[in-house]
Amino acid sequence: MGKIEDLEVINGEGYQLTSLDKAVALARSNSVWPLPFATSCCGIEFMATMGSTYDLSRFGMERMSFTPRQTDLLIVAGTISKKLAPVLQKVYEQMAEPKWVLSVGACASSGGIFDTYSVLQGIDRIIPVDVYVPGCPPRPEQIIDGVINIHKLVKHEPMRRRYSEEYRHLLDTYEIEITNSEHDK
Amino acid sequence: MTNNELLDALHEHLGTKLIASEVLFDTLVIEVSATEAYGVIEFLKNDSALSFNFLTLIGAVHYPEEKGRELCVVYHMHSWKNAIRLRIKSYLPQENPSIKSLTPLFDGANWQERETFDFFGVKFEGHPNLTRILNMDDMDYHPMLKQYHLEDETREDKDDRFFGR
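As you go down the protein sequences, you meet chains U and F in turn.
Be aware that the first sequence starts at 29, since it is given in this note's numbering, and climbs by one per residue.
Be aware that the second sequence starts at 8, since it is given in this note's numbering, and climbs by one per residue.
Here it is as structure tokens:
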């Protein structure tokens with residue numbers, strides 16, 4: 029319970045009260061499972077970030093998962109060609125709600141130096157992005173900072189946000205169907 | 008075998024089919040007509056003395072200002088036996104860029120011809136599956152033709168004055 033002091037709590041004798049919203053958000057933010065979608069040099073930087081020198085697991089982002097169905101955070105690191113775009117969108121659709129997206133590097137964020145007919149000019153044209161990490165490629169510290177910013181978002185996200193009209197509208201603009209939310213309602 | 012010896016042999020065997028020749032970067036380059044290209048390459052492959060057994064590359068070049076011969080299909084051949092390379096060029100008109108496929112001679116021509124079709128729109132007659140190989144299937148043009156821009160047209164954040172579009 030090391031981080032419970034971050035929340036608004038009422039302390040009593042032998043008990044502690046807080047809202048369910050905040051407790052769930054805290055639990056979510058400390059157990060984000062990332063899915064690395066790495067295509068080029070940003071992916072190499074991301075591998076260094078996972079390695080022992082930079083050691084991303086110090087910040088509670090350890091458990092890499094290579095199936096979209098069991099992940100919360102999609103880390104897109106590298107150039108996405110237009111031919112790969114439908115694949116990336118399918119991977120995003122397969123992730124269960126709630127889900128977040130971290131765009132690592134200039135190419136994923138904007139197409140970068142590849143201003144050409146075959147390269148997608150930023151992944152935010154096909155999927156919503158929560159945090160952008162600039163750099164070409166970014167240093168591992170920047171990637172860690174990006175994931176920590178994702179954790180902050182997760183910690184302050186209301187539990188019901190994914191059922192809101194605004195969220196539905198956001199996904200509609202990307203023509204992405206909302207999965208597994210009707211059932212949970 | 009030297010380039011001169013090779014050129015003499017080609018003159019002897021091909022005669023008038025050999026339209027032009029030059030040496031570029033130490034490699035002999037010959038031009039043959041598009042209708043003759045298949046026959047010439049078949050001869051080069053099967054001739055026991057020349058023995059150009061390896062097709063290194065198929066590509067194309069677009070020369071939009073050369074009317075009637077806008078598209079140039081380039082074949083790179085390699086003779087392992089004689090340790091010499093040869094480039095063969097055939098020019099095609101923009102309106103109907105079609106040339107006979109080399110797939111009956113070389114299995115390796117299959118994907119290279121698909122790539123050349125993908126980027127330049129050259130139609131290889133007799134190819135078993137002439138579809139796009141690298142670009143998106145629903146792309147509606149051949150991007151290496153010079154009338155098309157290299158840059159992505161949908162990008163809004165670049166100022167044309169600074170990025171030379």
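Cβ coordinates follow ideal geometry from the N, Cα and C atoms, glycine included.
For C79 of chain F, the uninterrupted beta strand (DSSP E) segment begins and ends at L78 to S86. Between T161 of chain F and chain U, the shortest Cβ-Cβ separation is below 8 Å.
Judged by beta-carbon spacing, L62 of chain F lies within the 8 Å limit of A116 of chain F, meaning their Cβ atoms are closer than that value. Residue-level contact by beta carbon fails for P71 of chain F and chain U, as no gap is shorter than 8 Å. Nearest CB-CB separation between L157 of chain F and chain U: below the 8 Å threshold. In the structure shown, P62 of chain U adopts extended strand secondary structure according to DSSP, grouped into three states. Note that the C-beta distance between V161 of chain U and S138 of chain U is not below 8 Å. Counting of Cβ neighbours within 10 angstroms places E120 of chain F among the buried residues, the total reaching 16 or more.
Each of U:D49, U:E41, U:V175 and U:I154 was checked against the Cα of L198 of chain U, and the nearest Cα belongs to U:I154.
Residues of chain U with a Cβ closer than 7 Å to the Cβ of P111 of chain F do not exist; the shortest Cβ-Cβ separation is about 30 Å. Per DSSP, I106 of chain F lies in no alpha helix (DSSP H); the unbroken beta strand (DSSP E) holding it starts and ends at S105 to K107. Taking a cut-off of 8 Å on C-beta distances, the region 112-129 of chain U touches the region 82-102 of chain U, as three or more cross pairs fall below it. Using beta-carbon distances, V115 of chain U does not count as an interface residue toward chain F, since no partner is under 8 Å.
Three or more pairs of CB atoms, one per stretch, sit closer than 8 Å, so the region 75-89 of chain U contacts the region 158-175 of chain U. If you check the CB distance, Q122 of chain U and P96 of chain U come in under 8 Å. For the beta strand (DSSP E) assignment, the uninterrupted runs of no fewer than 3 residues enclosed by the region 79-123 of chain U are, from N- to C-terminal side, 101-105. Comparing alpha-carbon positions, the option among F:L64, F:N10 and F:K130 lying closest to L31 of chain F turns out to be F:N10.
For I172 of chain U, the enclosing alpha helix (DSSP H) has its first and last residue at P168 to K183. With contacts defined by Cβ atoms closer than 8 Å, P64 of chain U and M92 of chain U form a contacting pair. Contacts with chain F at 8 Å (Cβ-Cβ) include T144 of chain U. A direct Cα-Cα distance of roughly 36 Å separates T34 of chain F from S109 of chain U. Contact between the region 126-141 of chain F and the region 93-113 of chain F is present: three or more C-beta pairs spanning the two stretches fall below 8 Å. Secondary structure note for V37 of chain U: it is in no beta strand (DSSP E), with a DSSP letter that is neither H nor E. Selection F:D159, F:V36 and F:G22 evaluated against M84 of chain F yields F:V36 as nearest (Cα-Cα). Under the DSSP assignment, V157 of chain U falls outside any alpha helix (DSSP H); it carries neither an H nor an E label. Using a Cβ-Cβ cut-off of 9 Å, N136 of chain F is close to nothing in chain U; its nearest Cβ partner there is about 18 Å away. Going by beta carbons, G133 of chain F and S108 of chain F fall inside the 8 Å limit. The C-alpha of M151 of chain F is placed about 10 Å away from the C-alpha of Y145 of chain U.
Looking at F:W87, F:E122, F:N136 and F:H156, the one whose alpha-carbon comes closest to that of K52 of chain F is F:W87. Against chain F, a Cβ distance below 7 Å from Q149 of chain U picks out D159, T161 and R162.
Assignment of R139 of chain F by DSSP, reduced to helix, strand and coil, places it in the coil class. For I37 of chain F, the uninterrupted beta strand (DSSP E) segment begins and ends at T34 to E38. Look at F126 of chain F here: in three-state DSSP terms it is helix.
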